[in-house]
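S.K.: In this text, residue positions in the sequence shown follow this note's numbering: the first is 2, and each later residue adds one.
Idealized CB from N, CA, C, for every residue including glycine.
Predicted, not measured: the structure shown is a model, and the values here were computed from it.
Supplied in structure tokens, the structure appears directly below.
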Amino acid sequence: MSEEVKKAVCVWCKGECGVLVHVKDGRLIKAVEDPDWPRKVYPRTRACPRLKAAKEWFYHPERVNFPLKRAAERGENKWQRMSWTEAFDEIAERIQKIKDAFGGEAIVHTQGTSYREEYPLRARFFSQLGGSPTYAGASNICFMPRSTMANAIVGMFSHYSVGPKSKCIVLLGAEPLNARPINAQVIRDAKKRGTKLIVIDPRFTRSASLADTWLQLRPGTDCALLLGMIYVIIEEGLYDKDFVEKWCHGFDQLRKHVKRYTPEEVEKITLVSSEKLREAARIYAGNRPGAILEGVATEQSQNAGEILQARWILAGLTGNIDVEGGEELTGPHPTIISCREVEPGIRFSPEQQGKQIASDRFRLLSWQGQRIITENMKKVWGKTTGVPSVSHGPSMYRTILTGKPYPIRGVITMASNPMVTQPDTKLIYKALKSLDLYVVKDFWMTPSAQLADYVLPSSSWLERPILWDFCGYDRYMVSGEAAVPQTVPGEYEHKTDFDFWRELGLRLGQGDYWPWKDLEEYYDARLAPTGLKHKEYVYTVRCEHKKPGYKKYERTGFATPTGKVELYSTVLEKLDYPPLPSFKEPTESKVSNPDLAREYPLTLITGGRTREFYHSEWRQIDSVRSRHPDPLLQIHPETAAALDISEGDWVWIETRRGRVRQKATLFDGMDPSIVHAEHGWWLPELPGEEPWLHGVWEVNINVVIDDNPDICNSITGAWPLKTALCKVYKVKKY
Ligand code: SF4
């Protein structure tokens, strides 16, 4: 058979690159850049190490290809192969047993990047199970806080809304060159046109090298910095008076509230000079339209909720909302049925919703916040989008251990690796080991999978159709819809998440609730209003680039309780939070804890992206790993010299929670008091059985990070990944 070339969109990271998938005799030959894809990215798709390794990934000998059942004690890495039918039967039976003994809420779900399988399907399964509204993953520190806060304050999220008409771009804890190639290209183009660029980051990134001004702040003080900018914009009268008067709620309260954040006071907190702060505020307010692109760093802070709130207040004050080149509010797709409409995630009874772990504590992302937001969205947009509510991961793992407020005895994990991606690894380990049932569905035998009772093989994005519903937020997809065909026939026994939930559902009496026989048929149902089937849609539409229009609020108002941009948030007020943001000193800093800082004098920030890896993935792919073989700790040359550390030395990174090792790399683009450790590291080449667990205790920085709910951000539940105190010293013998 001759070689076929199929158009697709790569979802191995958030690059969203158009690709051509070459297939011959049902086998993947290669995946390459699609020259006709309208969205240009930088660095180019063809240079992406992951895409180049597509075939290596797909046919990797260590990929999980068949359902496996534990054949010895947990953690002994002994497995026996089973059929899917046996796996579904056994797992369904064990779920039923747990439900009968402890209630449906005793089984919960954790999910990772998911490669675009639809989030609400899990809610469909669990709501029908009469079960748990508890889902936890990295959502408290990735995407959910920023989109939810936008929904609360302006009634919709503008998804990375920098564009050709932007006159000012603010990168707030973001480095698109590593994390969002599409934005990196837009920023490069914009710079050539003279667009102003402000970079707010403790580290001198490559984007910072292009910036008009780089605000090198002390880690964890972003909120104070933004409040200082708000102060300058108000006090110097730089705000959009007409927009504020007509379309903002709570200006007077805000003005009064920020009085204490003078640039001079903010300088003491952030270490950014008052002159630089004033300059940045003037650049941002004076070059409209402007857009702020926030990175996950904003969400991984003890001030996460307040940072994001202040970021949207800035956008509101400057009238940068729903204008071309500003924060463009795309809204949900007008025709396609969103996955939230299929499964709104609110089918749980009020009693069951109330059982969502920590929903009384971290209320914005829980069902409580989502209910308010959903009602507002529907009034203006006619429908809702976004991820259904999430629970608080750190609280959930503690509940597993304590049984309070109720027992959790079963966990289903999909495309997620909590032993690496969740802080306080020792606690996660104890929690997973204590379960009655742990099911992992993944591509690889990860450190987390090693602790499971069942490990089930997953279809990659190449092996299944996709109707990409990215919460209706992506301006490039108009409403976040892009359709991708199945490009490579499924091999071995990989299954979609849809099949997994449906098959379990059928065995647990949910037959009426799963009318579609497969994912394709489910997508056909979502596309029904377009008159196209998924197979037709992928080749006729593929992805949409229509503009939704601007200043829509003049007709409809904003999708908030007041119909305005809420500088003073009535949503937060209703949830019993302060309606205006304030800065709080991180609990682990030289300022808040000088005694601890004497023993641990360096500030550890973690989580900066690399070109090679996507969070905890790709460590087993040789061609990728050979480019970046070891975990790296950035350390300032002066600090390294004082500690007798040279480039390439293995060093211990120790906090009061323990120590792990990474390799030192000298970097003078940050204050000497800071070190930056890579996240997501494990070593697939080391044995899977305990005590090794693929090196998870050795190089995984989350071993030394704290996520005690008491120190998490009270609004979003974020755990601090940027402000741990540590010491660093050379590994003498290992
Ligand atoms: S940057 Fe690479 S991995 Fe990410 S979407 Fe593009 S091709 Fe795929």
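(1) Measure the beta-carbon distance from A73 to G394 and round it to whole angstroms, keeping in mind my assumption that it falls under 8 Å.
(2) For the beta strand (DSSP E) containing I30, name the first residue and the last one.
(3) Are the CB atoms of H110 and I413 within a distance shorter than 7 Å?
(4) Per DSSP, which one or two residues make a beta bridge with Y439?
(5) Below 8 Å on the Cβ atoms is my guess for M737 versus Q112; work out the distance and round it to an integer in Å.
(6) Might you give, ordered along the chain, the residues of its own chain that have their beta carbon closer than 8 Å to the beta carbon of Q663, omitting 5 neighbours on each side?
(7) Identify every residue that forms a DSSP beta bridge with T656.
(8) Helix, strand or coil: how does DSSP classify P602 here?
(9) Would you kindly work out how many angstroms separate the C-alpha atoms of F71 and T571, rounded to a whole number?
(10) Which one of L309, K168, A450, E63 has the shortest CA to CA distance from L228?
(11) So which residues put a beta carbon under 6 Å from any heavy atom of ligand 1, going in chain order?
(12) Do the stretch 5 to 20 and the stretch 28 to 47 touch if we need at least three Cβ pairs shorter than 8 Å?
(13) CB A264 to CB I706, shorter than 7 Å?
(14) Quick one: residues in its chain with C-beta nearer than 7 Å to the C-beta of K277, no 5 flanking neighbours on either side, listed in chain order?
(15) Look up S459 in the DSSP assignment and give the residues it is bridged to.
(16) Assign Q129 to buried or exposed, taking buried as 16 or more other Cβ atoms, counted over all protein chains shown, within 10 Å of its Cβ.
(17) For the structure I just gave you, are there three or more beta carbon pairs, one from the stretch 562 to 577 and one from the stretch 359 to 372, closer than 8 Å?
(18) My understanding is that I429 touches T135, with C-beta atoms under 8 Å, so please give their C-beta distance in whole angstroms.
(19) Please state the DSSP three-state secondary structure of E482.
(20) Taking the beta strand (DSSP E) that Y730 falls in, what are its first and last residues?
(21) If you count every other CB in all the chains shown that lies within 10 Å of the CB of Y493, and 16 or more means buried, which is it?
(22) Going by other Cβ atoms of all chains shown within 10 Å of its Cβ, with 16 needed for buried, is D361 buried or exposed?
(23) Are at least three pairs of beta-carbons, each pair with one atom in the stretch 288 to 303 and one in the stretch 312 to 323, less than 8 Å apart?
(24) Which residue from G718, L722, K723 puts its Cα closest to that of S390?
(25) Which of helix, strand or coil does DSSP assign to L294?
(26) The beta strand (DSSP E) that contains C169, what's its start and end?
(27) Going along the chain, which residues of its own chain have a beta-carbon closer than 6 Å to the beta-carbon of A54, five neighbours each way excluded?
(28) What three-state label does DSSP hand Y567 in the structure shown?
(29) Here's the rule: buried if 16 or more other CB atoms are within 10 angstroms of the residue's CB, otherwise exposed. What is G76?
(30) Could I get the ranges of all uninterrupted beta strand (DSSP E) runs contained in the stretch 26 to 88, with 3 residues as the minimum, in chain order?
(31) Can you pull the DSSP bridge partners for E648?
(32) Considering just the uninterrupted stretch of the beta strand (DSSP E) at T111, what are its terminal residues?
(33) For a quick check, are the C-beta atoms of R262 and Y285 less than 7 Å apart?
(34) Tell me whether D645 is buried or exposed, calling it buried when 16 or more other Cβ atoms sit within 10 Å of its Cβ.
(35) Taking 7 Å as the threshold (C-beta atoms), are K442 and S460 in contact?
M.R.: Result, derived from the coordinates:
(1) As a position in the sequence shown, residue 73 is number 72, starting the count at 1. As a position in the sequence shown, residue 394 is number 393, starting the count at 1. Their Cβ separation, rounded to whole angstroms, is 29 Å, which puts A73 and G394 out of contact at 8 Å.
(2) Working through the sequence shown from its first residue, we reach residue 30 at position 29. Taken as a continuous stretch (DSSP letters only), the beta strand (DSSP E) holding I30 covers 28 to 34.
(3) The residue labelled residue 413 in the question sits at position 412 within the sequence shown. The residue labelled residue 110 in the question sits at position 109 within the sequence shown. Cβ distance < 7 Å, so I413 and H110 count as in contact.
(4) The sequence position of residue 439 within the sequence shown is 438, counting from 1. Beta-bridge pairing links Y439 to V412.
(5) Outside the displayed range of the chain (2 to 735) lies residue 737, so it cannot be described from this structure.
(6) By one-based count along the sequence shown, residue 663 stands at place 662. The residues are D631, P632, L633, L634, W651, V652, I654, A678, E679, W682, V700, I702.
(7) Counting from 1 along the sequence shown, the entry for residue 656 is found at position 655. Per DSSP, G659.
(8) Position 601 of the sequence shown, counted from the start, is the residue given in the question as residue 602. Coil, per DSSP.
(9) By 1-based counting over the sequence shown, the position of residue 71 is 70. By 1-based counting over the sequence shown, the position of residue 571 is 570. Checking the sequence shown, residue 71 turns out to be Arg, not Phe. Between R71 and T571, the C-alpha separation is close to 51 Å.
(10) Against the sequence shown, residue 228 aligns to sequence position 227. Out of L309, K168, A450, E63, L309 has the C-alpha closest to the C-alpha of L228.
(11) C11, W13, C14, G16, E17, C18, T46, C49, R51, L52, P182
(12) yes
(13) Position 263 of the sequence shown, counted from the first residue, corresponds to residue 264. Position 705 of the sequence shown, counted from the first residue, corresponds to residue 706. The displayed chain sequence assigns Pro, not Ala, to residue 264. No; because the gap between Cβ atoms is not below 7 Å, this pair is not in contact.
(14) The count along the sequence shown starts at 1 and reaches residue 277 at position 276. Cβ neighbours of K277 beyond the five flanking positions: T214, L216.
(15) In the sequence shown, counting from the first residue as 1, residue 459 sits at position 458. Paired residue(s): K496.
(16) Locating residue 129 in the sequence shown gives position 128, where the first residue counts as 1. Per the 10 Å Cβ criterion, buried.
(17) yes
(18) Along the sequence shown, one-based indexing puts residue 429 at 428. Along the sequence shown, one-based indexing puts residue 135 at 134. The Cβ separation is near 16 Å, so there is no contact.
(19) Position 481 of the sequence shown, counting from 1, holds the residue named residue 482. Confidence is the limiting factor: at E482 the pLDDT is only 42, short of 50, which leaves the residue's position unreliable, though a coordinate-based value still follows. Of the three classes helix, strand and coil, the one that applies to E482 here is strand, per DSSP.
(20) By 1-based counting over the sequence shown, the position of residue 730 is 729. Residues 725 to 731.
(21) Within the sequence shown, numbered from 1, the residue matching residue 493 stands at position 492. Burial call: exposed.
(22) For the purposes of this step, residue 361 is taken as residue 360 along the sequence shown, with counting starting at 1. D361 is exposed by the Cβ-count criterion.
(23) yes
(24) Start at 1 with the first residue of the sequence shown, and residue 390 comes out as number 389. S390 has its Cα closest to that of G718, out of G718, L722, K723.
(25) Translated into the one-based positions of the sequence shown, residue 294 becomes position 293. Looking at L294 - three-state DSSP - the assignment turns out to be strand.
(26) Indexing the sequence shown from 1 puts residue 169 at position 168. That run of the beta strand (DSSP E) goes 169 to 173.
(27) For the purposes of this step, residue 54 is taken as residue 53 along the sequence shown, with counting starting at 1. I622, S624, V625, listed in sequence order.
(28) In the sequence shown, the residue the question calls residue 567 occupies position 566. Just to set this straight, residue 567 is Glu in the shown sequence, not Tyr. Strand, per DSSP.
(29) As a position in the sequence shown, residue 76 is number 75, starting the count at 1. It is buried - the Cβ of G76 has at least 16 other Cβ atoms within 10 Å.
(30) 28 to 34, 69 to 71, 80 to 82
(31) Here residue 648 refers to the residue found at position 647 of the sequence shown. DSSP, once it has assigned bridges, lists no residue as partnering E648.
(32) As a working note, residue 111 is residue 110 in the sequence shown. Residues 108 to 112.
(33) The sequence position of residue 262 within the sequence shown is 261, counting from 1. The sequence position of residue 285 within the sequence shown is 284, counting from 1. Reading off the sequence shown, one finds Tyr at residue 262, where the question assumed Arg. The answer is no: Cβ separation not under 7 Å.
(34) Position 644 of the sequence shown, counting from 1, holds the residue named residue 645. Counting Cβ neighbours within 10 Å, D645 comes out exposed, since fewer than 16 surround it.
(35) Numbered from its first residue, the sequence shown carries residue 460 at position 459. Numbered from its first residue, the sequence shown carries residue 442 at position 441. In this structure, K442 does not lie closer than 7 Å to S460 by Cβ.
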